[in-house]
Amino acid sequence: MSVVLQVKEFAASAIKDLYGFEIAPSGILVNATKPEFTGDYTIVLFAFVKQLKKSPDVLGQELGEYLVKQHPDFYTSFNVIKGFLNLEIGDAYWQAFTQKEYSNTAYGIATTHKGKVMVEYSSPNTNKPLHLGHLRNNFLGWSIAEILKANGNDIVKTCIVNDRGIHICKSMIAWELFANGATPASTSTKGDHFVGDYYVKFNDAYKGQVKELVAGGMTEELAEKEAPIMKQAQQMLVDWEAGKPEVMKLWKEMNSWVYEGFDQTYKEIGSDFDKIYYESNTYLLGKDLVEKGLEKGVFYQKEDGSVWIDLTGDGLDEKIVRRKDGTSVYITQDIGLAEMKQKEFNADQSIYVVGDEQNYHFKVLKLICQKLGLPSADGIYHLSYGMVELPTGKMKSREGTVVDADDLVAELINDAKETTQAKLEERNALKEFSQEELDQLYKTIGLGALKFFLLRVDPKKKMIFDPKESIDIHGFTGPFVQYTYARIRSILRKEANANFATLSTSELLPLEKDVIKHLEQFADTIGDAANEHDPSKIAIYLFNLAQAFNTFYNKHSISNAESEDKKQLRLQLAQLTAQTIKTGMGLLGIQVPERM
RNA sequence: GGACCGGUAGCUCAGCUGGAUAGAGCAGCUGCCUUCUAAGCAGCAGGUCAUUGGUUCGAAUCCAAUCCGGUUCACCA
Numbered sequence: 002m003s004v005v006l007q008v009k010e011f012a013a014s015a016i017k018d019l020y021g022f023e024i025a026p027s028g029i030l031v032n033a034t035k036p037e038f039t040g041d042y043t044i045v046l047f048a049f050v051k052q053l054k055k056s057p058d059v060l061g062q063e064l065g066e067y068l069v070k071q072h073p074d075f076y077t078s079f080n081v082i083k084g085f086l087n088l089e090i091g092d093a094y095w096q097a098f099t100q101k102e103y104s105n106t107a108y109g110i111a112t113t114h115k116g117k118v119m120v121e122y123s124s125p126n127t128n129k130p131l132h133l134g135h136l137r138n139n140f141l142g143w144s145i146a147e148i149l150k151a152n153g154n155d156i157v158k159t160c161i162v163n164d165r166g167i168h169i170c171k172s173m174i175a176w177e178l179f180a181n182g183a184t185p186a187s188t189s190t191k192g193d194h195f196v197g198d199y200y201v202k203f204n205d206a207y208k209g210q211v212k213e214l215v216a217g218g219m220t221e222e223l224a225e226k227e228a229p230i231m232k233q234a235q236q237m238l239v240d241w242e243a244g245k246p247e248v249m250k251l252w253k254e255m256n257s258w259v260y261e262g263f264d265q266t267y268k269e270i271g272s273d274f275d276k277i278y279y280e281s282n283t284y285l286l287g288k289d290l291v292e293k294g295l296e297k298g299v300f301y302q303k304e305d306g307s308v309w310i311d312l313t314g315d316g317l318d319e320k321i322v323r324r325k326d327g328t329s330v331y332i333t334q335d336i337g338l339a340e341m342k343q344k345e346f347n348a349d350q351s352i353y354v355v356g357d358e359q360n361y362h363f364k365v366l367k368l369i370c371q372k373l374g375l376p377s378a379d380g381i382y383h384l385s386y387g388m389v390e391l392p393t394g395k396m397k398s399r400e401g402t403v404v405d406a407d408d409l410v411a412e413l414i415n416d417a418k419e420t421t422q423a424k425l426e427e428r429n430a431l432k433e434f435s436q437e438e439l440d441q442l443y444k445t446i447g448l449g450a451l452k453f454f455l456l457r458v459d460p461k462k463k464m465i466f467d468p469k470e471s472i473d474i475h476g477f478t479g480p481f482v483q484y485t486y487a488r489i490r491s492i493l494r495k496e497a498n499a500n501f502a503t504l505s506t507s508e509l510l511p512l513e514k515d516v517i518k519h520l521e522q523f524a525d526t527i528g529d530a531a532n533e534h535d536p537s538k539i540a541i542y543l544f545n546l547a548q549a550f551n552t553f554y555n556k557h558s559i560s561n562a563e564s565e566d567k568k569q570l571r572l573q574l575a576q577l578t579a580q581t582i583k584t585g586m587g588l589l590g591i592q593v594p595e596r597m
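Put into structure tokens, the structure is as follows:
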């Protein structure tokens, strides 16, 4: 049990013992004591002064005395200031904690089993390469999956690949028209970029044709419909749905190029999936559910034959679920896919990592599933995240301001290379690394900086990213945390033969205790991050931990500690800090270097 | 127009189930490397928490209104 929870439970039972008043531990407000007061944790008393008919001072005094008397191994002292009961927890308790956990490589990871969660993320279109926005999605999805796993859940990571539709046909038709049989191999181009280039070529040709038609006297609206290349793309979609062999062949081939490119990117950034769904297999799902919905009266049919649901009673609008021609719309296949996932994996919760522009869509999706009484309904959770914008505003593919994921990753790794080389030379340490180790190090730092940057902000907030400015390495950053880790590892290597274990008690210095208090909060932090689906909680925690350790490190020597006791304690503390950083950064998908 | 999200230091962000004098990082300024990696540490400076009103012992946090920015309300996905 965490210290904070322990404080709450002791307080709840003390209030019951003293005043016969039942109060839930979760109803007691406990904060970390402000540094200017004595104590570790503080109970805010105002909440119950009325019910207990006591003044805050009297209540604090009585409660404090009782708690210290009842739990002498836990509390050593208390003081009451203006309605705040400050409690000090004994050094012996903190030291026992350190002693117990310092060699635990699974420190912070939940051991109880909570449930099963599906996380759908990434979900790319197969007509163009990944960009900066996808990176936020991928890092968030991967991280929240790891966090939920660490909090005791079984995880199924999934991805729905949007591998069919008019956008794919655009790339396909442009390839037929302009490629002369070129392939990624023949042009030495990464497959997803290759296909993306033809998507761009389609749009260029299309724009040109529209312009010509308008010049010939056609209205723009009509020209956009009549442009020959657009009609060709639309025909190709019809042919695809009819399963026309040569279209299928081209579609399969171009998609395979894209997948090869995606695989490379996913490998580089560390995304992986347990189960991949393809829209080409799922786009017809949900039709039977429309029928069931009609029977149940959840849906209704209009005169033209189209099928709708009325959500105005829930503050939303009417939503179509089947066109008058009998074909289904986007949300219908999502309903079908939700059911399919449920049948296949029977998860307790199904998380969709999708941008906030689809907030309405997911609200509707969940509501419809609930009204249909589907077992998957209540578990639907939209992990909505804000767009990544440039200093100049939103990324626009038409204006060529889209930041390519591969390019960005390569740039940041190169930035890391330059900084790292300079730092290592400064310390005359470059020669200690093999070329292979160096390349790995640059990647670890560059990707670490990027992932930390994108994950340190509350997901639901939009964020601004300036690709022209390399990511900072000072302060609240990935490299700062990595550096803290590397320094600790350096000490631990030198002290590999030291005695860690036989600790006898001594008084803790304030900076020692501060690090231990941070360490103790790790499991609670994972719990918060999991409950709120928010990896930034982990990033902030790790930064605070690293900073607390650095402050301690700067002031007190580990190797040349004042006494053998102190050295052992500090070695334990350093090792547990390193382990916690490693585990915590792992939850963000960030590796940590042994030396840097 | 309806719905939803955001507005906290020059910049990027914490804090938001109401609690002590609103916190970090960056940028700016001062110090600290004969001692475990200075990608570090210590300090200074920087705020009408968008505005107005309300709820109460107490509001950045809750409520209402207003202003600003964004998203969405397709027989697109």
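Residue numbers (the working numbering): 2 to 597. The C-beta atom is built at its ideal place from N, Cα and C for all residues, glycine as well. Bear in mind that the values here come from a model prediction, so they are computed numbers and not experimental data.
Item                                                                                                    : Value
Residue of G316, M341 and V354 minimising C-alpha distance to V365                                      : G316
contact_flag[the stretch 240–250, the stretch 176–186] where n(CB pairs < 8 Å) is 3 or more             : no
Contact between the stretch 156–174 and the stretch 198–217 (3+ Cβ pairs under 8 Å)                     : yes
Coil, strand or helix - H132 by DSSP                                                                    : strand
Given 8 Å, three or more beta-carbon pairs between the stretch 182–193 and the stretch 252–263          : yes
Touch test, the stretch 143–151 against the stretch 524–532, Cβ-Cβ under 8 Å, three pairs minimum       : yes
Burial state of G449 (16 or more Cβ within 10 Å)                                                        : buried
Alpha-carbon to alpha-carbon, T506 and D566                                                             : 8 Å
Same chain, Cβ closer than 6 Å to L625, neighbours up to 5 away in sequence not counted                 : Limits of the chain in this structure are 2 at one end and 597 at the other, which puts residue 625 out of reach.
Any beta strand (DSSP E) of 3 or more consecutive residues that is wholly inside the stretch 28–67      : 31–33 and 42–45
For S329 and K288, the rounded distance between their alpha carbons                                     : 7 Å
Between the CA atoms of V389 and E468 - distance to the nearest angstrom                                : The sequence given here has Pro at residue 468, not Glu. When rounded, the distance between both Cα atoms is 11 Å.
Three-way DSSP call (helix, strand, coil) for F300 in this model                                        : coil
Buried versus exposed call for E433 [16 or more other C-beta atoms within 10 Å across all chains shown] : exposed
E221 to V211 span [Cα, whole Å]                                                                         : 7 Å
Rounded separation between N282 and D198 - CA only                                                      : 26 Å
Residue from I82, E419 and A15 whose Cα sits closest to the Cα of V45                                   : I82
Bridge-paired residues (DSSP) for Y353                                                                  : E121 and H383
Segments assigned alpha helix (DSSP H), at least 4 residues, entirely inside the stretch 165–231        : 167–179, 185–188, 192–216 and 221–227
Range of the contiguous alpha helix (DSSP H) that encloses S14                                          : V4 to Y20
Reference L570; option with closest CA among E63, F85 and D92                                           : D92
Stretch pair the stretch 391–399 + the stretch 431–447: three plus CB contacts closer than 8 Å          : no
Of the residues V120, V31, A15 and I559, the one placed nearest Q71, counting alpha carbons only        : A15
Contacting residues, own chain, Cβ-Cβ under 7 Å from N154 (five flanking each side not counted)         : K115, G116, K117 and V118
Inter-residue Cα distance where the pair is D473 and A111                                               : 33 Å
Boundaries of the alpha helix (DSSP H) in which F363 is found, first to last residue                    : N360 to K372
Cutoff 8 Å; reference G65; Cβ partners in own chain excluding five residues on either side              : F79, N80, V81, L86 and L88
Beta-bridge partners of I336, as assigned by DSSP                                                       : DSSP output for I336 lists no bridge partner at all.
Three-state secondary structure assigned by DSSP to M586                                                : helix
Beta-ladder partner(s) of L88, from DSSP                                                                : Y42 and F79
Reference I24, options F49, A499, L588 and T43, closest by Cα                                           : F49
Distance between L133 and A417 (C-alpha atoms, nearest Å)                                               : 18 Å
Identity of the residue in T578, Q573 and E121 nearest F346 by Cα                                       : E121
Unbroken alpha helix (DSSP H) run spanning I110, endpoints                                              : No alpha helix (DSSP H) holds I110; DSSP gives it neither H nor E.
For T485, the three-state DSSP class (helix, strand or coil)                                            : helix
Under 8 Å between C-beta atoms of Y486 and K583                                                         : yes
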